[in-house]
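Residue numbers (my numbering): 1 to 346.
Glycine included, each C-beta is placed from N, C-alpha and C at the ideal position.
Below: the structure, in C-alpha cells.
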C-alpha cells in the first residue's frame with residue numbers, strides 16, 4: 001500500500017482533485033503559521049482538534065429544540081452537528097470543493113451554543129443587556145450573546161485552558177459566519193451555512209412529528225409539493241438542487257424555488273412548533289434557570305471555575321457568560337438544584 005503524505009494530498013488538490021474556486025490546503029492561513037504534520041493537511045488537523053475538544057463532547061447533552069423530550073431518538077446539538085457535516089460533505093464532494101475544510105467548519109459551527117438551545121441564548125443575551133444597561137428587546141441587546149460569536153471564542157480562547165485550538169482563518173471564518181448577514185468568504189463555509197438550515201428545518205420536522213405536534217399531512221402543501229412527502233425526500237431534493245444550482249451559478253446557493261420552499265417550511269415551523277405552547281412553556285423554565293445561574297455567579301464570581309476567570313481579563317460578566325454558556329442541560333439543572341432547590345436532611 002502507498003502512504004499518501006500531506007504533500008501528496010496538497011499536490012493532488014492542485015492537480016485537479018479540487019475545483020479552481022475551492023480552498024486549497026497548501027494556502028491555509030493560521031496565525032501561528034503552518035503546522036508540521038507528515039500526514040494531515042491543516043484543515044484535517046483543524047477537524048481533528050475540534051472532534052477532540054471538550055466543547056464538542058458537551059454537545060451530546062445540549063438541547064436542539066425539545067427541552068424535556070422523553071425518548072432516545074430526539075436530536076441533540078451533537079446529532080444536529082453530525083447531520084450538518086454529512087450534508088455539507090456530500091455537497092462539497094459533488095462540487096469538487098475541500099471536504100476537510102467543509103467538515104471542520106460544520107463540526108465547529110455550534111460549539112458556542114448554550115444549554116437549552118436558543119432559549120438559553122436569548123436568556124444570556126437578556127442577562128448581559130441588563131448588566132450593561134441596554135434594552136434587552138433592542139437589536140443591540142439581542143446581539144450581546146450570539147452563539148456563532150461564542151463558537152469562535154471557544155476555539156480561539158476557551159479551549160485548552162485559554163490557549164485555544166489555533167485553527168486556520170478559513171475554519172474560523174466559516175464558524176463565525178455560518179449565520180448572520182455576512183457570508184463566509186470560502187465556498188466551503190457557504191455550504192455549511194446552507195446545510196445548517198437544511199438540516200435543522202428537516203430534523204426539527206421529524207422530531208415534531210415524533211412528539212405528536214405535527215403530522216406529515218399538516219405540513220404546508222406548497223413546500224410538500226416542491227420538496228417531497230417525507231424526511232428523506234426533502235433532504236435529497238434540497239441537496240440535489242443545491243449541488244446543481246451552485247454548479248450552474250458559480251456560487252453556493254439554492255435555486256429560487258427551492259430556497260422559497262425551505263423558507264416557507266422554516267416559517268411554518270416557527271408558527272407551529274418553535275412558538276407552540278408546549279415548547280414555549282419549557283423554554284420559559286429554561287430562560288428562568290439560565291437567568292438565575294447568571295445572576296448568582298455574577299454576584300459570587302469566586303464560585304466561577306478558575307479556568308474561566310483566568311481568561312476573562314478581569315471581566316466578571318465575561319467569565320460568568322463563558323461558564324454558563326458551556327454548561328450542558330443536565331449540568332445546568334444540577335447546579336440550579338444545588339443552589340436553589342432545598343434538599344431534605346438525611
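Cβ neighbours of residue i in the same chain (closer than 8 Å, five flanking residues each side left out)
i: residue 230; result: 216
i: residue 32; result: 166
i: residue 153; result: 112, 322
i: residue 218; result: 272
i: residue 143; result: 125
i: residue 347; result: No information on residue 347 is available, as it lies outside the stretch 1 to 346 that the chain covers here.
CB of residue i within 8 Å of CB of residue j, strictly
i: residue 145; j: residue 121; result: yes
i: residue 242; j: residue 227; result: no
i: residue 325; j: residue 141; result: no
i: residue 201; j: residue 265; result: yes
i: residue 14; j: residue 168; result: no
i: residue 104; j: residue 46; result: yes
i: residue 176; j: residue 149; result: yes
i: residue 165; j: residue 53; result: yes
i: residue 298; j: residue 320; result: yes
i: residue 97; j: residue 188; result: yes
i: residue 41; j: residue 25; result: yes
i: residue 127; j: residue 294; result: yes
i: residue 87; j: residue 199; result: yes
i: residue 119; j: residue 287; result: yes
i: residue 222; j: residue 277; result: no
i: residue 173; j: residue 65; result: no
Cβ neighbours of residue i in the same chain (closer than 6 Å, five flanking residues each side left out)
i: residue 131; result: 317
i: residue 256; result: none
i: residue 268; result: 220
i: residue 56; result: 50
i: residue 307; result: 161
i: residue 171; result: 46, 104, 105
i: residue 179; result: 148
i: residue 403; result: Outside the displayed range of the chain (1 to 346) lies residue 403, so it cannot be described from this structure.
Of the residues the options, the one placed nearest residue i, counting alpha carbons only
i: residue 282; options: 15, 116, 109, 149; result: 116
i: residue 76; options: 103, 44, 110; result: 110
i: residue 102; options: 28, 192, 142; result: 192
i: residue 61; options: 280, 334, 307; result: 334
i: residue 251; options: 275, 185, 274; result: 185
i: residue 332; options: 10, 63, 16; result: 63
i: residue 232; options: 286, 301, 83; result: 83
i: residue 310; options: 1, 210, 163; result: 163
i: residue 197; options: 133, 259, 300, 222; result: 259
i: residue 327; options: 305, 313, 21, 346; result: 305
i: residue 195; options: 35, 11, 81; result: 81
i: residue 9; options: 34, 1, 38; result: 38
i: residue 78; options: 114, 1, 5, 43; result: 114
i: residue 214; options: 270, 236, 263; result: 270
i: residue 43; options: 23, 296, 58; result: 23
i: residue 48; options: 100, 11, 4; result: 100
Residue i: CB within 7 Å of a non-hydrogen atom of the ligand FMN
i: residue 321; result: The ligand FMN is not part of this structure, which contains no ligands at all.
Beta-bridge partners of residue i, as assigned by DSSP
i: residue 63; result: 76
Own chain residues within Cβ distance below 7 Å of residue i, not counting five before or after
i: residue 51; result: 107
i: residue 224; result: none
i: residue 95; result: 19, 243, 246, 247
Within-8 Å CB hit, residue i to chain B
i: residue 174; result: The structure shown contains no chain B, having only a single protein chain.
Looking at C-beta atoms only, is the number of pairs between the segment 146-161 and the segment 89-106 that lie closer than 8 Å three or more? no
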